[in-house]
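Residue numbers for the sequence shown follow my numbering, so the first one is 214 and each next one is one higher. Following: one structure in structure tokens, then a few remarks.
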Amino acid sequence: MNRFRSFVMYLLAIAATAMLLVGVGISSSRLNLLIKENHLRATGEIKNAPPIVTFTTVALGSFRGLLADLLWLRTTSLQDEGNYFEMVQLASWITKLQPRFTGATAYLAWNMAYNISVTCSSAEDRWRWISRGIELIRDEAIQYNPEDPLLYKELGWIYQHKIGNIMDDANLYYKNQMAIALMKVFGGPAPDWEQWAATPQNANDFKKSLSNESRAILQKALDETGYASFSKLETYFRENGKLPEDFLSKFNHPEIISKLVTYLRVNWLVDVYKLDPRLIFSINKKYGDLDWRLPESQAIYWATKGLEMTPSHKDINCERMITQALKDAFMGGRLLMVDDKDYATVITVPNLNVVDVVRETYLKAYEDNKSSSFRSALLNFMKDAVVVLYNFGNYSKAQKYYDILRKDEPGKPEYRAPLDLFVLKEWAEDVRDATPKQANDIISGLLYRCCNFLAFGDIDAALSHEKLARFVYNRYMTENADVKGRTGLASYNKIKESVTKTCLEKFNPAMAKALKFQLEQMKLLAKEDDAKTKNADDSSKKP
Numbered sequence: 214m215n216r217f218r219s220f221v222m223y224l225l226a227i228a229a230t231a232m233l234l235v236g237v238g239i240s241s242s243r244l245n246l247l248i249k250e251n252h253l254r255a256t257g258e259i260k261n262a263p264p265i266v267t268f269t270t271v272a273l274g275s276f277r278g279l280l281a282d283l284l285w286l287r288t289t290s291l292q293d294e295g296n297y298f299e300m301v302q303l304a305s306w307i308t309k310l311q312p313r314f315t316g317a318t319a320y321l322a323w324n325m326a327y328n329i330s331v332t333c334s335s336a337e338d339r340w341r342w343i344s345r346g347i348e349l350i351r352d353e354a355i356q357y358n359p360e361d362p363l364l365y366k367e368l369g370w371i372y373q374h375k376i377g378n379i380m381d382d383a384n385l386y387y388k389n390q391m392a393i394a395l396m397k398v399f400g401g402p403a404p405d406w407e408q409w410a411a412t413p414q415n416a417n418d419f420k421k422s423l424s425n426e427s428r429a430i431l432q433k434a435l436d437e438t439g440y441a442s443f444s445k446l447e448t449y450f451r452e453n454g455k456l457p458e459d460f461l462s463k464f465n466h467p468e469i470i471s472k473l474v475t476y477l478r479v480n481w482l483v484d485v486y487k488l489d490p491r492l493i494f495s496i497n498k499k500y501g502d503l504d505w506r507l508p509e510s511q512a513i514y515w516a517t518k519g520l521e522m523t524p525s526h527k528d529i530n531c532e533r534m535i536t537q538a539l540k541d542a543f544m545g546g547r548l549l550m551v552d553d554k555d556y557a558t559v560i561t562v563p564n565l566n567v568v569d570v571v572r573e574t575y576l577k578a579y580e581d582n583k584s585s586s587f588r589s590a591l592l593n594f595m596k597d598a599v600v601v602l603y604n605f606g607n608y609s610k611a612q613k614y615y616d617i618l619r620k621d622e623p624g625k626p627e628y629r630a631p632l633d634l635f636v637l638k639e640w641a642e643d644v645r646d647a648t649p650k651q652a653n654d655i656i657s658g659l660l661y662r663c664c665n666f667l668a669f670g671d672i673d674a675a676l677s678h679e680k681l682a683r684f685v686y687n688r689y690m691t692e693n694a695d696v697k698g699r700t701g702l703a704s705y706n707k708i709k710e711s712v713t714k715t716c717l718e719k720f721n722p723a724m725a726k727a728l729k730f731q732l733e734q735m736k737l738l739a740k741e742d743d744a745k746t747k748n749a750d751d752s753s754k755k756p
């Protein structure tokens, strides 16, 4: 009887086990389907991960989730207490404990860049927290999750919105610091991206790219000066922006030195900023030459990278970011002036070269997604483009875009007026509700046209445009600029100086020479007027 009972118990146990296995199989299939439908990712071993990440994900197993929860509670407590500095390390640990939990990393980065940064009173401290947020996604999370478009979108958003927008009082400081840091890497305003795209990105590949003789000569100089490991040479170059004098004294080969400097800059860009010159060159070919010192270009880069890395090569958030950042790059995508002593001196002007590409990108995004938001954004861009093109003297292109706008929006009463009246109406609205970029674009455009008229000898037209530019500047600074400088502009004289300098550099030689002559004549006239005024004042003081 006991044997029969034991036999029945065994059969029941086997049946129960079989039923549980079937249930697990059904649940597993359902979970796998949900993972596929919602583009979720497993939390297993990560390829090419640092040793510490491999250890936490494999050795700790499921316990890492419990430890991550405890760290989350700790970060919340620290934030409530206003004790933020330990949170940087905790955020890094949480990312390493749950490397596939990209939503958590995105939140931690956003929290540092937005919530914690604004608790700091100084612009320098705010910039440090924004940089930490960027580094958490760029240097850690993306390395563990290279196919997740969410991370690329969140990283691009920090560049586009937090740094590129005006919502933060210290936004000019962020733009300034970013531009200066990248100019150190570039060795100037912009490198030769085609050359950089063809340059090896690590020391071994660079040495292989040299001839045997050149490699031997270089290695000898490195050995004799103590830079044989190459990492020491890279460190010195990044700290000083040049090669060591003791190395140059033993290595007098200009052609190889030029290649070496280019490699060191490329390696610096890739290693620190995770920017691939090959992708930058490709983006420039697709959209036109962008100014890579500006946050809008960085947003375009990371959104493009996100589309490139995600298996489907499609993500509406990344596509939307590209169109928005491209429009911003058109509206203020060329940096005219930056000053490490005066962070508020950041002057940009429109990048007219990308206007057609921006329109084509909006059209393609609308055709691919059939979203009304893309069409609305396209129409708003077209209105802005008409005004900007007109401001900067490209009247035929402005008329062409105005005609397209009329065709796309037939019957709209605001498009019935001639181009000149339409632009004047838009000017009035823009000055009233302008962002700093819009105000700066109007002022720069008027000054640009002033330089054009001067070059062609039309002094009256030039003076009237400068008078209007000064009027727009004074009205904006009186009615729109806040006391904290968040929405203020650089001084009028600095804007005028920057635009004039750009015209002298960009005009053809004959126009540049004529403009320079007219400017010198106007200076002489101004001196004569000052002298007359002084003499008149002196005469009036005599008894």
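Every residue gets a Cβ at the ideal spot worked out from N, C-alpha and C, and that includes glycine.
- If you draw a 10 Å sphere on the C-beta of K499, you find fewer than 16 other C-beta atoms in it, and that means exposed.
- In this structure K463 is in contact with E437, their Cβ atoms being roughly 6 Å apart against a cut-off of 8 Å.
- Using a Cβ distance threshold of 8 Å, Y628 and V712 do not count as a contacting pair.
- R451: member of the alpha helix (DSSP H) spanning S444 to N453, first to last residue.
- V562 sits in a strand when the DSSP states are folded into three classes.
- Cβ contact annotation for K709 (same chain, cutoff 6 Å, sequence separation greater than five): L660, in chain order.
- When DSSP states are grouped into helix, strand and coil, M222 belongs to the helix group.
- In this structure L591 is not in contact with A652, their Cβ atoms being roughly 24 Å apart against a cut-off of 8 Å.
- Within the same chain, and ignoring the five residues on either side of N566 in sequence, the residues whose Cβ sits closer than 8 Å to its Cβ are G501 and D502.
- Note that the C-beta distance between I371 and I343 is below 8 Å.
- Per DSSP, the continuous alpha helix (DSSP H) segment holding M595 begins and ends at S585 to N604.
- Nearest C-alpha to N324 among S495, T523, E367 and I469: E367.
- P524 is classed as exposed because its beta carbon has fewer than 16 other beta carbons within 10 Å across all chains shown.
- The shortest CA-to-CA distance from M544 to any of T536, H526 and P563 is the one to P563.
- Straight through space, the alpha carbons of W406 and V479 are spaced by roughly 10 Å.
- If you draw a straight line from the Cα of L637 to the Cα of S444, it is about 58 Å long.
- Contact annotation: the region 500-520 does not touch the region 445-462, with fewer than three C-beta pairs closer than 8 Å.
- If you check the CB distance, Y614 and V599 come in under 8 Å.
- In the structure shown, M550 falls within a strand segment according to DSSP collapsed to helix, strand and coil.
- Each of A668, T308, K714 and Y705 was checked against the Cα of K680, and the nearest Cα belongs to Y705.
- The beta carbons of A354 and T412 sit about 28 Å from each other, so the pair does not count as a contact at 8 Å.
- In the three-state scheme derived from DSSP, where H, G and I count as helix and E and B as strand, S334 is classed as coil.
- Taking the Cα positions, E348 is about 18 Å away from A336.
- A distance below 8 Å separates the beta carbons of F666 and H678.
- In the pairwise beta carbon analysis, the region 384-401 is classified as not touching the region 533-540: fewer than three pairs are separated by under 8 Å.
- The Cβ neighbour count for S330, taken over all protein chains shown within 10 Å, is at least 16; the residue is labelled buried.
- For G658, the closest alpha carbon among the candidates Y387, I560, R345 and E521 is that of I560.
- Q511 has its alpha-carbon roughly 26 Å from the corresponding atom of F419.
- In the structure shown, the three-state DSSP call for G400 is coil.
- Bounds of any alpha helix (DSSP H) do not take in L423, whose DSSP letter is neither H nor E.
- When L431, A416 and I513 are compared, the shortest CA-CA separation from H374 is found for I513.
- A distance of 8 Å or more separates the beta carbons of D541 and G369.
- At a Cβ-Cβ threshold of 8 Å, W340 and Q302 do not count as neighbours.
- One alpha carbon belongs to E718, the other to A441, and they sit about 43 Å apart.
- When secondary structure is reduced to three states using DSSP, G519 falls in the helix class.
- In this structure, Y689 sits near A647, with a CB-CB distance shorter than 8 Å.
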